[in-house]
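Heads up: the structure comes next, in structure tokens.
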Amino acid sequence: MVPTPPDATAPTLGRHLETAGCPEDLRSVFKAAADACVEISAALRRGALGGVLGEVGTQNVQGEVQKTLDVLSDEICVTRAKACPAIAGCASEEQEDVVACASGGRFLLLFDPLDGSSNTDVTASVGSIFSILPRRGGAGPVTAADFLQRGRDQAGAAYAVYGPQTMFVLSFGAGVFGYTLDPETQAFRLTHPDLKIPRATREFAINMSNERHWAPPVQAYIADCLKGAEGPRGKDFNMRWLAAMVADAHRILLRGGVFLYPWDRREPSRPGKLRLMYEANPLGFLMEAAGGGVFDGEGEVLEISPTAVHQRVSVMMGSLEEIEVLRALHRS
Ligand code: F6P
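So the sequence shown is numbered by this note's numbering: it starts at 218 and just counts up by one.
Here you go:
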């Protein structure tokens with residue numbers, strides 16, 4: 218069978234954002250993030266041949282073991298952020314302190330340069346996640362306090378998922394757009410012009426091995442899903458868990474579903490495992506823009522006023538019907 222040639226007529230990411238009315242400086246921030254993802258995608262593809270697999274023997278600010286690709290992806294994202302005049306500063310999962318970039322920049326960029334990096338050594342999907350905040354206040358060097366804004370205040374959000382295809386998905390509030398990397402020209406081209414999350418689903422994503430540690434409302438929710446057509450939900454559910462939040466979120470944006478990484482009793486004083494500012498907020502922003510919902514078990518993730526750049530949060534996001542069921546169970 219002759220493969221279909223790539224659609225060379227589909228607009229590139231830059232061209233599409235221009236026609237979609239994205240302001241020029243915000244466009245350049247998305248472009249910087251997308252260019253970083255093209256580089257990361259190439260490094261991932263070389264794998265063992267590029268000597269990029271395995272661990273570097275250090276830990277990040279979260280106390281997690283750093284993979285060579287975590288460090289490399291972080292360097293790529295910081296370099297791209299520093300080269301963009303619209304970015305005043307950036308913050309990364311891999312670095313304790315925020316990094317000053319262009320002095321007159323109007324935006325701040327936060328990122329998880331390589332989400333789900335334990336998947337890299339086994340050739341499973343991983344991704345990069347970006348949150349874009351307005352730079353408020355003076356024009357001096359950025360401080361961590363400048364980054365402490367609600368998810369609701371984001372000017373835009375994006376992620377790349379590196380799987381069988383490399384895709385870049387973004388929103389600046391009006392619609393959610395998906396672009397596929399053309400391997401021949403290394404350009405992202407628009408392939409998904411209007412991503413919308415179906416209201417109803419039969420698919421949930423959660424790490425079931427933690428079941429005994431969850432709070433009662435989450436245990437009740439999953440127990441009801443598992444009862445299937447004979448239970449209170451009246452339908453059979455399927456389960457998927459990719460161990461990379463960005464890849465699970467991508468599936469939900471394409472076909473619906475619900476993703477949960479809730480608070481659990483293993484570390485009761487910790488609100489959750491995932492990071493608010495560069496994981497839950499940007500993916501939550503994209504979920505809401507695509508018609509889905511986001512909840513932390515108590516209230517709105519996007520309304521949380523952060524107190525630290527690396528703070529954690531409990532996350533439930535996806536198809537609205539499931540988020541409504543989860544809200545009701547937590548209320549009762
Ligand atoms: O960022 C942390 C992360 O890798 C997410 O991408 C993923 O959903 C989760 O952790 C997997 O956690 P666990 O190994 O506990 O299933």
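Where is the CB? At the ideal position from N, CA and C, for every residue including glycine.
For residue i, does the count of other Cβ atoms within 10 angstroms reach 16, so buried, or fall short, so exposed?
i	result
T337	buried
P400	exposed
P204	In the structure displayed, the chain extends from 218 to 549; residue 204 sits before or after that span and is not available.
T418	buried
Q276	exposed
A249	buried
L325	buried
Of the choices the options, whose alpha-carbon is the least far from that of residue i?
i	options	result
S348	G514, A356, R367, S522	R367
L331	A506, S309, E420, A437	S309
G268	Q276, A259, T275	A259
V273	P485, E311, V246, A225	E311
M425	K413, F324, I439	I439
R352	A305, F328, T340, V393	A305
S522	F364, M462, V511	F364
R199	A497, P240, V435	Here the chain comprises residues numbered 218 to 549, so residue 199 is not present and cannot be evaluated.
I428	D370, Y478, E538	The question names Ile, but residue 428 in the sequence shown is Glu. Among D370, Y478, E538, the Cα nearest to that of E428 is on Y478.
S536	I469, D329, P499, P240	I469
CB-CB under 6 Å to residue i, same chain, minus the five flanking residues each way: which ones, in chain order?
i	result
L261	Y379
V386	Y376, G395
F405	L230, A251, F385, Y396, L398
A437	L546
Near residue i, what residues of its chain come up, given a Cβ to Cβ distance below 8 Å and the 5 sequence neighbours on each side ignored?
i	result
T360	V315
G445	K452, D453, F454
D465	A422, R457, W458, L459, G474, F476
Got a sec, what are the start and stop residues for the alpha helix (DSSP H) residue i sits in?
i	result
F389	Per DSSP, F389 belongs to no alpha helix (DSSP H) and is neither H nor E.
I304	Looking at the DSSP string, I304 is not in any alpha helix (DSSP H); the run it does join, the beta strand (DSSP E), is 304-309.
E505	498-506
P434	433-443
G231	230-236
D291	285-299
What first and last residue would you give for the beta strand (DSSP E) that runs through residue i?
i	result
A175	Here the chain comprises residues numbered 218 to 549, so residue 175 is not present and cannot be evaluated.
S348	343-351
Y160	Nothing can be reported for residue 160, as the shown portion of the chain is limited to 218 through 549.
T408	404-409
F512	510-512
G274	272-276
If I measure Cβ to Cβ from residue i and keep anything under 7 Å in the same chain, skipping five residues before and after, which residues do I get?
i	result
W480	A432, P488, G489, G514, S531
P358	A317
T408	A227, G395, Y396, T397
P410	F394
Exercise. Counting pairs of beta carbons, one from the region 381-392 and one from the region 275-291, are three or more of them closer than 8 Å?
Worked result: Contact between the region 381-392 and the region 275-291 is absent, because fewer than three Cβ pairs lie under 8 Å.
Exercise. Does the region 370-377 come close enough to the region 497-506 to have 3 or more Cβ pairs within less than 8 Å?
Worked result: yes
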